[in-house]
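Written below as structure tokens is the structure these notes are about.
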Amino acid sequence: MRIATWNVNSLKVRLPRVEEWLAYAQPDILCMQETKLADGAFPALAFAALGYDAAHCGQGQWNGVAILSRVGLDDVVAGFTDGSEDETTEARLLWATCGGVRVGSVYVPNGRMVGSEFYEAKLAWLERLRQHLVTGCDPSGSLVVCGDFNVAPDDRDVWDPTKLHGGTHVSPAEREAVAAMREWGLVDVFRQRYSEDRLYSWWDYRAGDFHQGRGLRIDLILATRVLADRLSWALIDRFARKGKLPSDHAPLLADFE
DNA sequence: ATGGTAGCGCTGCTA
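Taking my numbering, the leading residue of the first sequence gets 2, the next gets one more, and so forth.
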């Protein structure tokens, strides 16, 4: 089973690239983030034509997460279900069961500046996600959390730790929030397979960062141990960051036997 | 050289 995740940065603009990528990458499941679409504008028919069922949680303009699957799509849940009022006001979380795997597509808040209210909200959001796992999920089951975490788990995942020190994505509190999910039972499957640095999934559009190798690895597939033990391959598809109208993120894919 | 681009949507915000 091939599971992939891709922050597409506007599905309206990126649909041709996503269709092209589905045709050659052939994922069984694709989690998308930053669709920037209302649910009514989600191009479900375009994906159905390629053999994928789809679920979408959107708000228009900002955010928006989706799951495509060609191995079944059931028990769809949008947003948190912990009883708070803002469950889907920001469309950042979507769950579905696909081919026996509980799949989460997540778009973690950016945080903007360390210490800002947005940064505090980011930490709270990550803790809320962990609480969802603790209260509603089984670490011995088959589950993946895929998406743009807006956190680079360690210094190997950033192009220059010195320059980025003090900013978001690399702060100890953010990294501890991701580590807490590993402690619950999730494995960063890309890092399980590759220990090298400079393997990034996002590059700023500005200043030629992609071509200069200035990126971050912030898109993750976190899998429970029973799945991670069956990992056969993983890849960040940097080719998809090239060419006409690319997203600023590359897709990440992982194969499970 | 302390810059720069992209998307949304129409002025400035978000990333």
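Glycine residues also receive a C-beta, built at the ideal position from the N, C-alpha and C atoms.
For residue i, the three-state DSSP class (helix, strand or coil)
i      : result
MET114 : coil
LEU31  : strand
LEU134 : helix
THR225 : strand
PHE257 : strand
ALA49  : helix
VAL78  : strand
ARG15  : helix
ARG3   : strand
GLY216 : strand
VAL171 : coil
VAL72  : coil
TRP185 : helix
TRP22  : helix
TRP160 : coil
ARG176 : helix
Whole-angstrom C-beta distance between residue j and residue i, which should lie under 8 Å
i      : j      : result
ALA26  : ASP256 : About 11 Å; that fails the 8 Å criterion.
TRP203 : PRO140 : Actually they are not in contact, since the Cβ atoms of TRP203 and PRO140 sit about 28 Å apart, beyond 8 Å.
LYS123 : GLY112 : 4 Å
PRO28  : LEU254 : 6 Å
ARG131 : ALA181 : 5 Å
Closest Cα partner of residue i within the set the options
i      : options                        : result
ALA92  : ASP40, PRO140, VAL188          : ASP40
VAL66  : GLY244, GLY148, ARG207         : GLY148
GLY61  : ASN10, ARG103, ASP76, ALA49    : ASN10
GLY137 : THR82, VAL190, MET114, ARG183  : THR82
THR169 : ARG183, PRO154, THR36, MET182  : PRO154
CYS32  : GLY52, LEU232, TRP96, ARG199   : TRP96
MET114 : VAL152, LYS243, TYR201, ARG231 : VAL152
ASP230 : HIS212, ASP189, LEU200         : ASP189
Residue i - partner residues in DSSP beta bridges
i      : result
ASN8   : GLN34
TYR108 : ASP149
ILE237 : LEU253
ARG266 : There is no way to answer for residue 266, as the model of the chain reaches only from 2 to 258.
ALA67  : MET33, HIS57
LEU232 : PHE257
TRP204 : GLY216
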